[in-house]
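Notes follow the structure.
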Amino acid sequence: MGFIKILSGLFQILGESFKICFRNWKLISSMTLFHIFLNSILSFPNLFSATPSVANFPTNKTTVPPLDINNLDDSPYANYFFYLFTLVKMTLKPFFGVKFVVLIANSLVSLFFATTIILASTTNSSAKGLHVKKFLTMVVKSWKRTLLTSFYAALLGLVYAFFVLALLFLYPTINPRSLILLWITISVVTTAPILCIYYIYVVWNLALVVSVLKEKGGIEALKRASEILKGFMLKGFLLNLLLEILPASFTPYLKLEENFNRSDLAEVFLLFFIFQSISSVAIVFSLISHTVLYYECKKIHGKSSNEILYTIPLIISACGTELEKNILLRSTRMS
Numbered sequence: 041m042g043f044i045k046i047l048s049g050l051f052q053i054l055g056e057s058f059k060i061c062f063r064n065w066k067l068i069s070s071m072t073l074f075h076i077f078l079n080s081i082l083s084f085p086n087l088f089s090a091t092p093s094v095a096n097f098p099t100n101k102t103t104v105p106p107l108d109i110n111n112l113d114d115s116p117y118a119n120y121f122f123y124l125f126t127l128v129k130m131t132l133k134p135f136f137g138v139k140f141v142v143l144i145a146n147s148l149v150s151l152f153f154a155t156t157i158i159l160a161s162t163t164n165s166s167a168k169g170l171h172v173k174k175f176l177t178m179v180v181k182s183w184k185r186t187l188l189t190s191f192y193a194a195l196l197g198l199v200y201a202f203f204v205l206a207l208l209f210l211y212p213t214i215n216p217r218s219l220i221l222l223w224i225t226i227s228v229v230t231t232a233p234i235l236c237i238y239y240i241y242v243v244w245n246l247a248l249v250v251s252v253l254k255e256k257g258g259i260e261a262l263k264r265a266s267e268i269l270k271g272f273m274l275k276g277f278l279l280n281l282l283l284e285i286l287p288a289s290f291t292p293y294l295k296l297e298e299n300f301n302r303s304d305l306a307e308v309f310l311l312f313f314i315f316q317s318i319s320s321v322a323i324v325f326s327l328i329s330h331t332v333l334y335y336e337c338k339k340i341h342g343k344s345s346n347e348i349l350y351t352i353p354l355i356i357s358a359c360g361t362e363l364e365k366n367i368l369l370r371s372t373r374m375s
């Protein structure tokens, strides 16, 4: 019964997210189209230089030769660590330089887009008291906090990545002749990090929502997100899992990498645009769903029942006059 209740709550979150999409479809759709356009401009030129190197990496002549774990003495590598370091270096080499700058630009645009969507999902776009200029001012202020939160989240991600690499470095100490122990180790090393990252990803997404709505950033936002997720971690995990599986069922980008052909520019651009569109729509729905999850967590943790789901103090304080505040409050209560 408990799991059925969690699934019921999960589908309620998805239902509320769909309602918000239809409720503020003008604002959300315009922001989504702008993100697709801008992200395509930033990413499409990088596709021609990065995709061939990555797609052909397994068959590239410069690829690091395989390491025979049973004959380390005959290997050109001094030890297993040097082998992994060389492999990572060769894998990441195509992404340095200009590609790194493009990655940073994409990250900044994505964070700005995420801030806009979170605010749009908590805003009544038909409210006369909410002006575009004031809305953009709120987005810029919140964007600064999301940058700080994302920076700390990235640092935690690096720590987690080094921890996973440390587990990989323990592999040579295991006797490869013990098949059972080898199978258990491979299962733990490959499965546990994936499950853990999905759990951590819930906190990161909620921290972005907290950064936008609660005027908190960095470590404070991460702590607040972990606090309000008590009792909701499994639901958040299933929500993340569902939102990741659905977009993954559409794989035009994978087909694009497999059949990459520079001469057929129109086909490449079409497939790339389809992928960007699906990705942006999935991101929008994910952000809205996590915003709904945030308010549900607050409600269960004892917040006042008079708190309106789609009204936040930031919007009210952004309105200049008392008349504008009353109009905004009246419009949100009627909804």
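In our numbering, each number is its position in the sequence shown, counted from 1, plus 40. All C-beta atoms in this analysis are idealised placements derived from N, C-alpha and C, irrespective of residue type, glycine included.
_Buried or exposed, going by whether 16 or more other CB atoms sit within 10 Å of the CB of S251?_
For S251, the number of other beta carbons within 10 angstroms of its own is at least 16, and it is reported as buried.
_Cβ distance (whole Å) where L246 is taken to contact L269 below 8 angstroms_ = Their Cβ separation, rounded to whole angstroms, is 6 angstroms, which keeps L246 and L269 in contact under 8 angstroms.
*asked:* I need the straight-line Cα distance from I348 to T331, nearest angstrom please.
replied: Low confidence applies to I348: its pLDDT is 38, below 50, so where it sits in the model is not reliable enough to give any reading.
*asked:* Suppose you measure from the CA of N146 to the CA of S319; what does that come to, to the nearest Å?
replied: 13 angstroms
*Where does T72 land, buried or exposed, given buried means 16+ other C-beta within 10 angstroms?*
In summary, T72 is buried, with 16 or more beta-carbon neighbours lying within 10 Å of its beta-carbon over all protein chains present.
_To the nearest angstrom, how far is the alpha carbon of Y200 from that of F62?_
38 angstroms
_Just verifying my parser: in three-state terms, what is the DSSP assignment at L269?_
coil
*Cα separation between S93 and K339?*
In this predicted model, S93 has a pLDDT of only 46, less than 50, meaning its place in the structure is not dependable; the value taken from the coordinates is given anyway. Cα to Cα, S93 sits roughly 49 angstroms from K339.
*Would you mind sorting T231 into buried or exposed? The rule is 16 or more other CB atoms within 10 Å of its CB.*
exposed
*Name the two residues that bound the continuous alpha helix (DSSP H) containing G55.*
42-63
*Give a yes or no on whether 7 angstroms exceeds the smallest Cβ distance from I328 to chain B.*
In summary, chain B is missing from the structure at hand, where a single protein chain is found.
_Helix, strand or coil at G197 [DSSP, three-state]_ = G197: helix per DSSP, three-state reduction.
*Less than 8 angstroms between the CB atoms is what I'm expecting for L274 and I46, so what's the real figure, rounded?*
Right, the Cβ-Cβ distance comes to about 6 angstroms (below 8 angstroms), so this counts as a contact.
*asked:* For a quick check, are the C-beta atoms of T189 and G257 less than 7 angstroms apart?
replied: yes
*What do you get for W183, buried or exposed, if any count of 16 or more other CB atoms within 10 angstroms of its CB means buried?*
buried
*Is T177 helix, strand or coil when you go by DSSP?*
helix
*State yes or no: is the C-beta of S326 within less than 7 angstroms of the C-beta of L283?*
Yes. Within cutoff.
_I'd like to check one pair, A154 with L67: are the Cβ atoms closer than 7 angstroms?_
no
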